[in-house]
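Novice: Structure in structure tokens, see below.
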Ligand code: SAH
């Protein structure tokens with residue numbers, strides 16, 4: 504196995520439990536993809552890692568021993584991952600959740616999500632993709648009860664986004680449960696599936712009554728999952744806003760699945776900043792505003808980045824919020840720390856009083872690397888204004 508020498512600085516970083524290798528960590532600019540031994544300046548073994556370029560980083564540390572990748576290695580990881588999710592597996596009110604979460608479960612570069620009797624593998628780099636047969640065989644031995652799988656390609660150079668991987672084919676669309684609420688999902692249409700599983704704790708709070716009797720504005724709503732959870736938890740009306748036309752049909756499907764009448768639930772295809780103006784003009788106000796933007800977006804008129812512009816979203820929401828209103832402010836930007844996000848929020852309030860009710864991060868099935876704050880990328884503040 505190839506050996507790569509590390510600087511003392513990088514060695515220290517890895518000893519702290521960071522497992523993501525970044526561009527500046529390795530001196531060899533173009534090392535071969537595959538397994539490597541990382542050694543100290545004096546040549547002493549530190550960890551086994553693999554190199555393969557992906558959206559975040561250049562590779563992953565996989566063990567502090569001299570590890571080879573075998574089917575048994577992955578069976579062991581999947582068995583441990585399964586044991587730590589028994590509370591999900593044994594809970595019939597939730598049938599969609601993450602079964603394997605990258606470095607949190609001991610191997611960066613791929614995830615596995617369960618949707619009822621089916622699963623979705625997501626490959627984040629070409630190396631994990633190259634060993635996928637072994638990974639999938641190991642998975643099947645640990646989860647023989649799951650009947651079929653799809654895969655998503657999330658790395659550069661992949662020719663397509665989504666394909667059937669093994670076993671039975673899932674219906675084009677079907678329903679999963681989360682806290683007994685139904686959501687319609689699709690496993691073989693691009694990278695998305697109709698629901699972001701990492702938000703299930705927030706949807707759980709909504710279902711459990713956080714917004715009972717209130718009016719809710721859901722911005723960047725995608726398939727309106729937050730609105731549906733709010734409605735099931737007793738919200739009296741919801742408005743969901745998303746720029747994508749397709750969001751309307753997909754949102755309706757979630758509402759229909761739960762027998763909710765659309766009379767009290769509006770779906771608007773609009774830019775969020777335009778909607779703020781529209782709401783002001785029409786004197787529309789809300790008890791609760793949920794804001795969950797993409798980390799970065801570019802449209803014809805402007806670019807938006809969470810790290811620079813979130814405060815504008817907060818500030819404009821205050822203009823259309825009823826007295827004692829609630830803001831649910833979410834971001835999935837891993838490059839924005841909790842403190843930096845808090846600063847954006849404070850900037851948006853411009854000195855106006857508010858009280859943080861809670862901070863939620865990734866749910867238990869999205870296991871994180873506790874030594875690396877970036878792996879707990881989701882941050883959701885629930886805030887009471889005034
Ligand atoms: N809150 C959603 C996920 C949001 S994903 C959920 O819980 O499921 C981000 C969404 O923002 C996408 O659906 C995208 O179409 C939408 N979007 C991006 N830029 C936008 C803009 N300027 N105005 C409105 N929607 C936007």
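Residue numbers (the working numbering): 504 to 889. By construction, the Cβ of each residue, glycine as well, lies at the ideal position given by its N, Cα and C atoms.
(1) What residue range is occupied by the uninterrupted alpha helix (DSSP H) comprising residue 579?
(2) Report the rounded CA-to-CA distance for residue 863 versus residue 878, giving the unit in angstroms.
(3) Nearest to residue 617 by alpha carbon, out of 591, 514, 785?
(4) So for residue 712, helix, strand or coil by DSSP?
(5) Residue ranges of each beta strand (DSSP E) run of no fewer than 3 residues wholly in the segment 675 to 761, ordered along the chain?
(6) In whole angstroms, what is the alpha-carbon distance linking residue 717 and residue 740?
(7) Going by DSSP, what residue range makes up the alpha helix (DSSP H) through residue 876?
(8) Measuring straight from C-alpha to C-alpha, what distance separates residue 685 and residue 803?
(9) Between which two residues does the alpha helix (DSSP H) carrying residue 790 extend?
(10) Are there any heavy atoms of the ligand SAH lying less than 7 angstroms away from the beta-carbon of residue 728, as far as the coordinates show?
(11) What's the call for residue 601, buried or exposed, on a 16-neighbour Cβ count within 10 Å?
(12) Rounded to whole angstroms, what is the Cα-Cα separation between residue 839 and residue 880?
(13) Decide if the segment 560 to 571 is in contact with the segment 545 to 552; the criterion is three or more beta carbon pairs, one per stretch, under 8 angstroms apart.
(14) Among 789, 735, 746, which residue has its Cα nearest to the Cα of residue 930?
(15) Is the closest heavy atom of the ligand SAH to the C-beta of residue 540 under 7 angstroms?
(16) Are the beta-carbon atoms of residue 844 and residue 819 separated by less than 8 angstroms?
(17) Could you pull out every residue in the same chain whose Cβ sits closer than 6 angstroms to the Cβ of residue 694, ignoring the five residues on either side in sequence?
(18) On the three-state DSSP scale, how would you describe residue 651?
(19) What is the rounded straight-line gap between the Cα of residue 702 and the Cα of residue 606?
(20) Would you mind listing the beta strand (DSSP E) stretches within the segment 613 to 649 that are 3+ residues and don't spill past its ends, in chain order?
(21) Using a 10 Å radius around the Cβ and a threshold of 16 neighbouring Cβ atoms, would you call residue 745 buried or exposed?
(22) Less than 8 angstroms between the beta carbons of residue 772 and residue 755, yes or no?
(23) Report whether the distance from the Cβ of residue 760 to the nearest heavy atom of the ligand SAH is below 7 angstroms.
(24) Where residue 836 and residue 809 are concerned, what is the direct C-alpha to C-alpha distance, given to the nearest angstrom?
(25) With DSSP as the reference, identify every bridge partner of residue 550, one or two as the case may be.
(26) Less than 8 angstroms between the CB atoms is what I'm expecting for residue 682 and residue 651, so what's the real figure, rounded?
(27) Go through its chain and collect everything with a Cβ distance to residue 737's Cβ below 8 angstroms, but skip five positions before and after it.
(28) For residue 835, does the three-state DSSP call read helix, strand or coil?
(29) Identify every residue that forms a DSSP beta bridge with residue 601.
Specialist: With the given structure in hand:
(1) For the purposes of this step, residue 579 is identified with residue 76 of the chain shown, where counting begins at 1. Start and end: 574 to 586.
(2) Residue mapping note: residue 863 aligns to position 360 of the chain shown, counting from 1. Residue mapping note: residue 878 aligns to position 375 of the chain shown, counting from 1. Approximately 14 angstroms between the Cα atoms of the pair.
(3) Within the chain shown, residue 617 is the residue found at index 114, counting from 1. Of the candidates 591, 514, 785, 591 places its Cα closest to the Cα of residue 617.
(4) The count along the chain shown starts at 1 and reaches residue 712 at position 209. Helix at residue 712.
(5) Taking only runs of at least 3 residues, the beta strand (DSSP E) segments lying wholly in the segment 675 to 761 are 677 to 681, 684 to 688, 718 to 722, 740 to 745.
(6) Walking along the chain shown from the start, residue 717 turns up at place 214. Walking along the chain shown from the start, residue 740 turns up at place 237. Straight-line Cα distance between these residues: approximately 7 angstroms.
(7) Counted from its first residue, the chain shown places residue 876 at position 373. No alpha helix (DSSP H) contains residue 876, which DSSP labels as neither H nor E.
(8) Taking the first residue of the chain shown as position 1, residue 685 is located at position 182. Taking the first residue of the chain shown as position 1, residue 803 is located at position 300. Taking the straight line from one Cα to the other gives about 35 angstroms.
(9) Here residue 790 refers to the residue found at position 287 when the chain shown is read from its first residue. Note, residue 790: premise wrong, no alpha helix (DSSP H); beta strand (DSSP E) at 789 to 794.
(10) Within the chain shown, residue 728 is the residue found at index 225, counting from 1. Yes, Cβ of residue 728 sits closer than 7 angstroms to a heavy atom of the ligand SAH.
(11) Sequence index remark: in the chain shown, residue 601 carries index 98 (1-based). Buried is the call here.
(12) Within the chain shown, the letter at position 336 stands for residue 839. Within the chain shown, the letter at position 377 stands for residue 880. Cα to Cα, the separation comes out at about 8 angstroms.
(13) yes
(14) Only positions 504 to 889 of the chain appear in the structure, and residue 930 is not among them; the question remains open.
(15) Sequence index remark: in the chain shown, residue 540 carries index 37 (1-based). No - the ligand SAH has no heavy atom lying nearer than 7 angstroms to the Cβ of residue 540.
(16) By 1-based counting over the chain shown, the position of residue 844 is 341. By 1-based counting over the chain shown, the position of residue 819 is 316. Residue 844 is not a Cβ neighbour of residue 819, given a cutoff of 8 angstroms.
(17) For the purposes of this step, residue 694 is taken as the residue at position 191 of the chain shown. 655, 664, listed in sequence order.
(18) In the chain shown, residue 651 corresponds to position 148, counting from 1. Here residue 651 sits in strand by DSSP.
(19) As a first step, residue 702 must be located in the chain shown, where it is residue number 199. As a first step, residue 606 must be located in the chain shown, where it is residue number 103. A straight-line Cα-Cα distance of about 19 angstroms links residue 702 and residue 606.
(20) 613 to 618, 621 to 626
(21) Start at 1 with the first residue of the chain shown, and residue 745 comes out as number 242. Classification of residue 745: buried, given that the 10 Å Cβ count is 16 or more.
(22) Taking the chain shown and counting its residues from 1, one reaches residue 772 at position 269. Taking the chain shown and counting its residues from 1, one reaches residue 755 at position 252. No; because the gap between Cβ atoms is not below 8 angstroms, this pair is not in contact.
(23) Locating residue 760 in the chain shown gives position 257, counting from the first residue. Residue 760: no, Cβ never under 7 angstroms from the ligand SAH.
(24) By 1-based counting over the chain shown, the position of residue 836 is 333. By 1-based counting over the chain shown, the position of residue 809 is 306. Taking the straight line joining both Cα atoms gives about 7 angstroms.
(25) Start at 1 with the first residue of the chain shown, and residue 550 comes out as number 47. Answer by DSSP bridge pairing, in chain order: 541.
(26) The count along the chain shown starts at 1 and reaches residue 682 at position 179. The count along the chain shown starts at 1 and reaches residue 651 at position 148. Not really, about 25 angstroms apart at Cβ, beyond 8 angstroms.
(27) The sequence position of residue 737 within the chain shown is 234, counting from 1. Hits under 8 angstroms: 712, 714, 715, 716.
(28) Here residue 835 corresponds to residue number 332 of the chain shown, with the count starting at 1. Coil, per DSSP.
(29) In the chain shown, the residue the question calls residue 601 occupies position 98. Answer by DSSP bridge pairing, in chain order: 616.
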